[in-house]
Amino acid sequence: MPKRSSFGFCNLQNLFTPCQCCVILGLILGAGSMVGQAQDSAAPKAVSKEWPADRAPSELKIATWNLEWFFDDFKANNRSDVAKEQSAPSREEWEWRVGNFAAAIAKFEPTILAVQEIEDRGVMQNLTKVLKEQFNLSYRVAFIDGFDSGTEQDVAVIFRSGLVELARREQNNSMFESKEFYNLSKHLITRFEWQNGDRVIPISLLNLHLRATADAAELRQKQTKLAHEWMRKSIMRGENVIILGDLNVEESVGEVQPGGDGMHTLLGLDTPEASDNLVDLLERAPAEKRRTHLILEKQFDRILASPTLVDGKGGYKFKSIEVLSQWNIRGTGPDADHWDTRYTKDYAERDLSDHHPVMATFELVP
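So for the sequence shown, this note's numbering puts the first residue at 1; every next one is plus one.
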């Protein structure tokens, strides 16, 4: 049987001249390369995945509430005498406070709730746990330890959605050396983002608890100057900004004056530019419904908003503000002796805090 040979480059040499072989080989290799390129072009190209922000709620409800010494009954982690004295006296009393604050919050269901006079992250997790288990309301906690070693009080935020960032800030050296500012030991900055179609709506929120009492007006004015300076550039850029909390200001709505105890400064009225001004939303509440304190005729608790959140250019438009005293006062009426009977008055009559919650509602702009 004749020997069978495979057709290869050697056979090409027998049939064609060397030059012709080179041409044929080049055509074969070129065709292979074109096939490879065609396969590469047919393969799907990698595309960066989009991660949309949380869905924008149709109504954005932002509230503030001083929970008045929201400290549990475990005192071993407290260092100051006043913190130990003001802590819940027993597990039963602590669970009563957590349960009733949760029940009150469930009545008005804020999207974001800024709180003051809380002990730590743990007490806020106690609160959100009850909100979920008893009222099927899911909240998360935003918290960073502050530096008030005297009272050990702190601030926090609980929220339903939207949080992308949280931080604390400090004075820089030039601020400190100027003596024009005073440290904010109890504050928290949070940034939220929501998706509305193709638009992302951001809001920066500064939760404050300022120095209390009328004789601390000078310190409070320096604290408000620092807070406004931190947020001023964002306001001037037309961003959505809210400053809220227990401001402890003695000046009521309509009585704010230059050189007062902080509101004039915090509203941006001390600077020459109008573009860094904020709006005190409590001005939009009926005059007879602006009191935010249980015992004192004061408007300590405020919500200030940038103009973009009032006119709707920022994606949400201000709708209303309300002092929610009905969810703080229990029984027949406000307890004038609340400070002396906070843990002794009958449960049915016992009010929750010496401050009322305050809530502003914003509507989503189509």
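Yeah, the Cβ is synthetic: ideal placement off N, Cα and C, and Gly gets one too. Note that the structure is a prediction, hence the values are computed from the model and not measured.
Starting from the C-beta of residue i, find all residues in its chain whose C-beta is less than 7 Å away, skip the five residues before and the five after it, and write them out in chain order.
i: S234; result: S204 and V241
i: A106; result: L131, F135 and L137
i: E68; result: E117, S353, D354 and H355
i: G238; result: T308
i: V253; result: D280, L282, E283, R290 and Q299
i: S325; result: H356
i: T151; result: S80, V82 and A83
i: V98; result: N126, L127 and V130
i: H264; result: V256, Q257, P258 and D270
i: P228; result: Looking at the sequence shown, residue 228 is not Pro but His. So the list reads T265, L266 and G268, once near-sequence residues are dropped.
i: F101; result: L67, L127 and L352
i: A56; result: W194, Q195, N196, I201 and L364
i: N78; result: K84, S87 and E152
i: W96; result: Y347
i: K319; result: T361, F362 and E363
Starting from the Cα of residue i, find the closest Cα among the options and give me that residue.
i: L244; options: I112, D81 and Q86; result: I112
i: K225; options: R191, N77 and F176; result: F176
i: E218; options: E85, E119, Q125 and K179; result: K179
i: R342; options: S48, I62 and S87; result: S87
i: Y182; options: R350, E170 and R91; result: E170
i: E288; options: V323, A305, V157 and K319; result: V323
i: K186; options: P202, A167, D198 and E109; result: A167
i: W51; options: R199, T213 and L208; result: R199
i: A114; options: D72, F143 and G122; result: F143
i: Q195; options: D54, D145, R140 and K49; result: D54
i: E378; options: W96, D72 and E95; result: Because residue 378 is not part of the residues shown, which for the chain are 1 to 366, the question remains open.
i: T64; options: A46, L206 and P286; result: L206
i: E93; options: I158, F74, R121 and F318; result: F74
i: F70; options: S174, S161, M124 and L278; result: M124
i: E133; options: P286, A103, S161 and A216; result: A103
i: A285; options: D340, V358 and S58; result: V358
i: L188; options: A214, V157 and S161; result: V157
i: E251; options: T213, R140 and L278; result: T213
i: Y139; options: F147, A305 and S161; result: S161
Closer than 6 Å by C-beta to residue i: which residues in its own chain qualify, once you throw out the five before and the five after it? Chain order, please.
i: R220; result: L210, R211, D261 and G262
i: S5; result: Bear in mind that the predicted position of S5 carries a pLDDT of just 44, short of 50, making it too unreliable to give a figure here.
i: E165; result: R191
i: D276; result: R232, I235, M236 and G268
i: A360; result: I62, L281, I303 and I321
i: L60; result: T111, Y316 and F362
i: K249; result: Strictly speaking, residue 249 in this sequence is Val, with Lys absent from that position. Closer than 6 Å at Cβ, skipping near neighbours: D261, G262 and M263.
i: W230; result: R169
i: D246; result: N66, Q116, H209, F300 and D301
i: P366; result: none
i: K222; result: F181 and Y182
i: E149; result: Just to set this straight, residue 149 is Ser in the shown sequence, not Glu. Cβ neighbours of S149 beyond the five flanking positions: none.
i: I28; result: The pLDDT assigned to I28 is 46, lower than 50, so where the model puts this residue is not dependable; a value taken from the coordinates is nonetheless given after this. Correct list: empty, nothing qualifies.
i: I329; result: D351
Which residues does DSSP pair with residue i in a beta bridge?
i: K61; result: T361
i: R140; result: F159
i: V279; result: A305
i: H355; result: H293
i: D54; result: W194
i: L166; result: T190
i: F70; result: I118
i: D154; result: I118
Return yes when at least one heavy atom of the ligand GTP lies under 7 Å from the C-beta of residue i, else no.
i: G254; result: Because no ligand of any kind appears in the structure shown, any question about the ligand GTP cannot be addressed here.
Once the 5 residues before and after residue i are set aside, which same chain residues still bring their CB inside 8 Å of it?
i: D145; result: D120 and D154
i: A76; result: none
i: W339; result: I295 and D354
i: S90; result: D73
Minimum length 3: unbroken beta strand (DSSP E) runs contained in the region 312-339 = 316-323
Please specify which runs of the alpha helix (DSSP H), each continuous and at least 4 residues long, are wholly inside the region 186-274, giving them in chain order.
-> 217-236 and 263-266
Is there contact here, the region 289-301 with the region 330-341, by at least three beta-carbon pairs under 8 Å?
-> yes
Kindly provide the ranges of any beta strand (DSSP E) runs that are 3 or more residues long and lie completely inside the region 77-144, ordered along the chain.
-> 112-118 and 140-142
Answer yes if the region 305-322 comes into contact with the region 343-351, meaning at least three C-beta pairs across the two stretches below 8 Å, and no otherwise.
-> no
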